[in-house]
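Everything below concerns the one structure shown next.
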Amino acid sequence: MSTLTTTERVFDVKDLNLWYGDNLALKSINFPIHYNEVTAIIGPSGCGKSTFIKTLNLMINMIPGVKMSGEINYRGKNILSDKVDLVELRKNVGMVFQKGNPFPQSIYDNVAYGPRIHGLKKKQELDEIIEKSLIDVALWDEVKDRLNAPAMGLSGGQQQRLCIARALTTKPEVLLMDEPTSALDPISTSKIEELIFELKEKYTIVIVTHNMQQASRVSDKTAFFLMGELIELDDTTKVFSQPYDQRTEDYISGRFG
Amino acid sequence: MNSKTADRIATAIFGLIAFIIVAILIGLFAYILGNGLKHISIEFLTTPSSNVLGGSGIRDQLFNSFYILFLTMVIAVPLGVGGGIYMAEYARPGKITNLIRSFIEVLASLPSIVIGMFGLLMFVNLTGWGYTIIGGALALTIFNLPVIVRVTEDAFNSIQGDQKEASLSLGVTHWHTIKHVLLPSAFPSILTGVILASGRVFGEAAALLFTAGLSTPRLDYGNWNPFSDRSPLNIFRPAETLAVHIWSVNTQGIIPDVVEKSAGASAVLIIAVLIFNLSARWIGSKIHKKITATK
Chain A
1 MSTLTTTERV FDVKDLNLWY GDNLALKSIN FPIHYNEVTA IIGPSGCGKS TFIKTLNLMI
61 NMIPGVKMSG EINYRGKNIL SDKVDLVELR KNVGMVFQKG NPFPQSIYDN VAYGPRIHGL
121 KKKQELDEII EKSLIDVALW DEVKDRLNAP AMGLSGGQQQ RLCIARALTT KPEVLLMDEP
181 TSALDPISTS KIEELIFELK EKYTIVIVTH NMQQASRVSD KTAFFLMGEL IELDDTTKVF
241 SQPYDQRTED YISGRFG
Chain B
1 MNSKTADRIA TAIFGLIAFI IVAILIGLFA YILGNGLKHI SIEFLTTPSS NVLGGSGIRD
61 QLFNSFYILF LTMVIAVPLG VGGGIYMAEY ARPGKITNLI RSFIEVLASL PSIVIGMFGL
121 LMFVNLTGWG YTIIGGALAL TIFNLPVIVR VTEDAFNSIQ GDQKEASLSL GVTHWHTIKH
181 VLLPSAFPSI LTGVILASGR VFGEAAALLF TAGLSTPRLD YGNWNPFSDR SPLNIFRPAE
241 TLAVHIWSVN TQGIIPDVVE KSAGASAVLI IAVLIFNLSA RWIGSKIHKK ITATK
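What follows is the structure, given as structure tokens:
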């Protein structure tokens, strides 16, 4: 782990341990995340990669019985120890989930949900935010004529892009994506990947994926997790061409997992 | 027996069971309406009842039934929905929560006559109110509350967890998530539960015998002062409801037309329940469609 560039860190995770009850699920993780980079996290099922990404916006706290030690510094502030404002944190660190999870409301209301609750009332400003977010996720042309139609009527890929648009409305600087394409067909998947390419201009992205091709296509850095440990974190090209650890090589060459 | 035959037999048996249920319902409705409809007239619905004279009506009983139902729901729905939200969203899983849940179940299984006796003790004697509408409504609240708590809790638990995740991940607080995402999603199920509870309340007699009483004072429907003894809106007056009236004319009525009156009153009772159920369901689906933006 020597060639990490030293651009500014948006997240700096230090010696993070996480327990589900008595079960140690993350072991002493040290993980810097840099501004405007795409970091992919790969590893076999149950390695802790989804657990890890959910610590970054503390969504992990929804699960009863979770304990953590160590530091998760977000912009220099430890969100585990300092009195953290969850509302602020989650507005700045948006999240997209495995399966598109729109609310059973109209397309418009789905995207308007965040801004409305955070206090935006003016119809014109809302319209602008919604149009911009939907354009950002390349969904605008497909839905602009039916913004009042139910979001549940969209295809799986469209739903997932809608959810990304919804996550963008709070103007986050980091976007966490937890296997965002695992429930999608190849065409929808490639659309989301193109989207990630465009979003990386403006956002810092952390993406958990089962798909190693996806990791190598979209990311700048790749992290390999195994049994709750961070085995390797390096430039993506390096991880996929000359991994530092034997286990990483075994995994990416398909010998296990 | 091969599996195809077994399948056919099973299909036939389930079909038969469904048929029996529908047949019972239709038979009951046909009997009650067949006997009762001919005794229902505008006069029947707008004349006060009488203990001795023939040709009396059910005006006050009908009003009392709706009024008690309304008051009960005004008290029970906020409490029940609040309790259900607490159980589903705030109570930490564990022994205490399970204990609370057992209490609610015990409360739900109490016989209504026992609740009536408890009401007599609490809302009639202890408070010194005597037989009152509010006493009846409070007794019915006890009767009703566990059902609404349970229905609300189940409705919340059946919403997929990912909607809650989506909302929280946008930096929305737990309370706003409940208010803007979970409650609207749970609304149709809660409404259905409240309707079913309302049907029970509307037809309930035992819990009201000793709380709202068997009599109604002379009411003046032009009097809207809720503190006046003759106002129908006064919640501290005794009130015989339709279900109680049916019971009382049948057991102690000395009017000459007991059979006709109770048949007519029964028909009005089930028609009222029916209209109430159907319209509430219709409103529920309208609201659901409006929120979910489906046509």
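First to last, the protein sequences are chains A and B. Mind the numbering: the first sequence is residues 1 to 257 in the UniProt record's numbering, read in order. Mind the numbering: the second sequence is residues 1 to 295 in the UniProt record's numbering, read in order. We treat Cβ as the ideally placed atom computed from N, Cα and C, and that holds for glycine. Predicted, not measured: the structure shown is a model, and the values here were computed from it.
Excluding sequence positions up to five away, which residues of its chain have a Cβ less than 7 Å from the Cβ of residue 156(A)?
-> Along the first sequence, one-based indexing puts residue 156(A) at 156. Only 100, 183, 184, 188 meet the Cβ criterion.
Going by DSSP, which residues form a beta bridge with residue 41(A)?
-> The count along the first sequence starts at 1 and reaches residue 41(A) at position 41. Answer by DSSP bridge pairing, in chain order: 208(A), 223(A).
With contact counted as at least three CB pairs below 8 Å, one residue from each stretch, are the region 33-50 of chain A and the region 147-165 of chain B in contact?
-> Look at the beta carbons and you see the region 33-50 of chain A not touching the region 147-165 of chain B: under three pairs across the two are nearer than 8 Å.
Kindly indicate which three-state DSSP category residue 166(B) falls into: helix, strand or coil?
-> As a working note, residue 166(B) is residue 166 in the second sequence. In this structure, residue 166(B) counts as helix in the three-state DSSP scheme.
Within 10 angstroms of the Cβ of residue 279(B), are there 16 or more other Cβ atoms? Answer buried if so, exposed if not.
-> In the second sequence, residue 279(B) corresponds to position 279, counting from 1. Exposure of residue 279(B) is indicated by the presence of fewer than 16 other C-beta atoms within 10 angstroms of its C-beta.
The region 150-180 of chain B: which residues have C-beta closer than 7 Å to a C-beta of chain A, in chain order?
-> Those residues of the region 150-180 of chain B that come within reach of chain A (Cβ to Cβ, closer than 7 Å) are 162, 163, 165, 166, 168, 169, 170, 171, 172, 173, 176, 180.
Does any CB atom of chain B fall closer than 9 Å to the CB of residue 112(A)?
-> Position 112 of the first sequence holds residue 112(A). No, residue 112(A) lies away from the interface with chain B (no Cβ there is under 9 Å from its Cβ).
Return the chain-ordered list of same chain residues with a C-beta closer than 6 Å to the C-beta of residue 67(A), the five sequence neighbours on each side being excluded.
-> As a working mapping, residue 67(A) is identified with position 67 in the first sequence. Closer than 6 Å at the Cβ level, and outside the excluded window around residue 67(A), lie 19.
Residues bridged to residue 72(A) (per DSSP) = Within the first sequence, residue 72(A) is the residue found at index 72, counting from 1. DSSP, once it has assigned bridges, lists 13(A) as partnering residue 72(A).
State the DSSP-derived secondary structure class of residue 251(A), mapped to helix, strand or coil.
-> Numbered from its first residue, the first sequence carries residue 251(A) at position 251. Looking at residue 251(A) - three-state DSSP - the assignment turns out to be helix.
The beta strand (DSSP E) enclosing residue 51(B), as first and last residue numbers | On the second sequence, residue 51(B) is found 51 positions in, with the first residue counted as 1. Neither: residue 51(B) is in no beta strand (DSSP E) and is coded neither H nor E.
What does a CB cutoff of less than 7 Å around residue 9(A) pick up in its chain, not counting 5 residues either side in sequence?
-> Numbered from its first residue, the first sequence carries residue 9(A) at position 9. Cβ within range, chain order: 32, 33, 34.
Helix or strand or just coil, what does DSSP make of residue 177(A)?
-> For the purposes of this step, residue 177(A) is taken as residue 177 along the first sequence, with counting starting at 1. Under the three-state reduction of DSSP output, residue 177(A) falls in the strand class.
Top-ranked residue by Cα proximity to residue 243(B), from 21(B), 69(B), 7(B) = To locate residue 243(B), count along the second sequence from 1; it is residue 243. That would be 69(B), whose Cα lies nearest to the Cα of residue 243(B).
Select from the region 178-197 of chain B all residues with a C-beta closer than 7 Å to any C-beta belonging to chain C, and list them in chain order.
-> The structure shown has no chain C; the protein chains it does contain are A and B.
Label residue 138(B) either buried or exposed according to how many other C-beta atoms from any shown protein chain fall within 10 Å of its C-beta, with 16 as the threshold for buried.
-> In the second sequence, the residue the question calls residue 138(B) occupies position 138. The residue in question, residue 138(B), is buried, as its Cβ has 16 or more Cβ neighbours within 10 Å.
Interface flag, residue 291(B) vs chain A, CB-CB below 9 Å = Residue 291(B) sits at position 291 when you count from the first residue of the second sequence. Contact of residue 291(B) with chain A is assigned, a C-beta pair being separated by under 9 Å.
Cβ of residue 136(A) less than 9 Å from any chain B Cβ?
-> Taking the first sequence and counting its residues from 1, one reaches residue 136(A) at position 136. For residue 136(A), no CB of chain B lies under 9 Å from its own CB, so it is not counted at the interface with that chain.
What is the DSSP secondary structure of residue 193(B), reduced to helix, strand or coil?
-> Numbered from its first residue, the second sequence carries residue 193(B) at position 193. It is helical.
Status (buried if at least 16 other CB within 10 Å, exposed otherwise) for residue 50(B) = Counted from its first residue, the second sequence places residue 50(B) at position 50. With fewer than 16 Cβ atoms within 10 Å of its Cβ, residue 50(B) is classed as exposed.
Residue 76(B) and residue 197(B) closer than 9 Å at C-beta | Along the second sequence, read from residue 1 onward, the residue named residue 76(B) stands at position 76. Along the second sequence, read from residue 1 onward, the residue named residue 197(B) stands at position 197. Cβ atoms of residue 76(B) and residue 197(B): closer than 9 Å.
For residue 175(B), three-class secondary structure by DSSP = Within the second sequence, residue 175(B) is the residue found at index 175, counting from 1. DSSP places residue 175(B) in helix when its eight states are reduced to three.
One or two residues paired with residue 106(A) in a DSSP bridge | Walking along the first sequence from the start, residue 106(A) turns up at place 106. Partner(s): 150(A).
Indicate the three-state DSSP secondary structure (helix, strand or coil) for residue 78(A) in the structure shown.
-> Working through the first sequence from its first residue, we reach residue 78(A) at position 78. DSSP, read as helix, strand or coil, puts residue 78(A) in strand.
Does DSSP classify residue 220(B) as helix, strand or coil?
-> On the second sequence, position 220 is the one that residue 220(B) refers to. Coil, per DSSP.
In the DSSP assignment, what residue or residues form a beta bridge with residue 67(A)?
-> Position 67 of the first sequence, counting from 1, holds the residue named residue 67(A). Under DSSP, residue 67(A) takes part in a beta bridge, and its partners are 19(A).
Grab the span of the beta strand (DSSP E) containing residue 95(A) for me, first residue to last.
-> By one-based count along the first sequence, residue 95(A) stands at place 95. Boundaries of the beta strand (DSSP E) around residue 95(A): 93-96.
CA-CA distance, residue 72(A) and residue 175(B)?
-> As a working mapping, residue 72(A) is identified with position 72 in the first sequence. As a working mapping, residue 175(B) is identified with position 175 in the second sequence. Looking at the two C-alpha atoms, the distance is approximately 26 Å.
Cα separation between residue 113(A) and residue 147(A)?
-> Here residue 113(A) is taken as the residue at index 113 of the first sequence, counted from 1. Here residue 147(A) is taken as the residue at index 147 of the first sequence, counted from 1. Roughly 14 Å separates the two Cα atoms.
Which residues DSSP lists as bridging residue 34(A), in chain order = Translated into positions along the first sequence, residue 34(A) becomes position 34. Its beta-bridge partners are 9(A).
Secondary structure of residue 141(A), DSSP reduced to three states = Here residue 141(A) is taken as the residue at index 141 of the first sequence, counted from 1. Annotated three-state conformation of residue 141(A) is helix, per DSSP.
Test: residue 158(A) CB closer than 9 Å to a CB of chain B | Stepping through the first sequence from its first residue, residue 158(A) is reached at position 158. Taking CB atoms only, residue 158(A) has no neighbour in chain B less than 9 Å away.
Considering only C-alpha positions, which residue in the set 80(B), 224(B), 27(B), 42(B) is nearest to residue 147(B)?
-> Taking the second sequence and counting its residues from 1, the one referred to as residue 147(B) is at position 147. Nearest option by C-alpha distance: 80(B).
In whole angstroms, what separates the C-alpha of residue 195(A) from that of residue 203(A)?
-> Residue numbering aside, residue 195(A) sits at position 195 when the first sequence is read from its first letter. Residue numbering aside, residue 203(A) sits at position 203 when the first sequence is read from its first letter. Distance between the alpha carbons of residue 195(A) and residue 203(A) is about 12 Å.
Buried versus exposed, by CB contacts within 10 Å (16 or more), residue 61(A) = Translated into positions along the first sequence, residue 61(A) becomes position 61. Exposed: under 16 other Cβ atoms inside 10 Å.
Do you know whose CA, among 66(B), 98(B), 90(B), lies nearest residue 201(B)'s CA?
-> As a position in the second sequence, residue 201(B) is number 201, starting the count at 1. Checked all of 66(B), 98(B), 90(B); the closest Cα to residue 201(B) is 66(B).
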